[in-house]
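Trainee: Just so you know, full-length UniProt numbering puts 33 at position 33 of the sequence shown, and the rest follows in order with no gaps. The beta-carbon is built from N, C-alpha and C at its ideal position, and this holds for glycine as well.
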Amino acid sequence: MDRASAKTIIASEGLERAIWFQRPNGKPDAVAIYEIDQGLRVVSTDERAVEVGARDYEDESEALDMFITLLRDLKELIASGVVR
1 MDRASAKTII ASEGLERAIW FQRPNGKPDA VAIYEIDQGL RVVSTDERAV
51 EVGARDYEDE SEALDMFITL LRDLKELIAS GVVR
C-alpha cells in the first residue's frame with residue numbers, strides 16, 4: 001500500500017482518529033503512524049493518550065497496512081460503544 005491509497009481508504013471508509021505521520025501527543029483513543037530512525041512506527045493510544053502496542057516497520061507498505069487495520073478495528077470499537 002502507498003500513502004495515496006491509505007488516504008483514499010481513510011476517507012472512503014470514514015476512518016476517524018488517524019494521526020498521519022505525527023506522534024500522537026495528547027490524542028486519546030487514536031491510531032498514529034510516524035517516522036523513527038529505523039523506519040516507521042504504528043501505535044494506538046489509550047483513553048489517557050498513552051502509546052500502546054508499538055509496531056516498528058522498515059517497509060512503509062507494511063506499516064500502512066497495519067495503520068489501516070488498526071483504524072478499522074478502532075472504528076468497530078467506536079461503533080460498538082466500547083470506545084467513545
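#1: Is ARG55 helix, strand or coil by DSSP?
#2: Does DSSP put GLU35 in a helix, a strand or coil?
#3: Keeping to the same chain, check which residues put their C-beta closer than 7 angstroms to that of GLU51; ignore five residues upstream and five downstream.
#4: Can you tell me the Cα-Cα spacing of ALA63 and ALA30, whole angstroms?
#5: Count the other CB atoms within 10 Å of the CB of ALA32; is the residue buried (16 or more) or exposed (fewer)?
#6: Hey, is the stretch 68-76 in contact with the stretch 11-19, meaning 3+ C-beta pairs nearer than 8 angstroms?
Mentor: Let me spell this out:
#1: Counting from 1 along the sequence shown, the entry for residue 55 is found at position 55. Here ARG55 sits in strand by DSSP.
#2: The sequence position of residue 35 within the sequence shown is 35, counting from 1. The answer is strand: DSSP assigns GLU35 an E or B state.
#3: Position 51 of the sequence shown holds residue 51. Correct list, in chain order: PRO24, VAL43, THR45.
#4: For the purposes of this step, residue 63 is taken as residue 63 along the sequence shown, with counting starting at 1. For the purposes of this step, residue 30 is taken as residue 30 along the sequence shown, with counting starting at 1. Roughly 16 angstroms between the two C-alpha positions.
#5: Against the sequence shown, residue 32 aligns to sequence position 32. It counts as buried.
#6: yes
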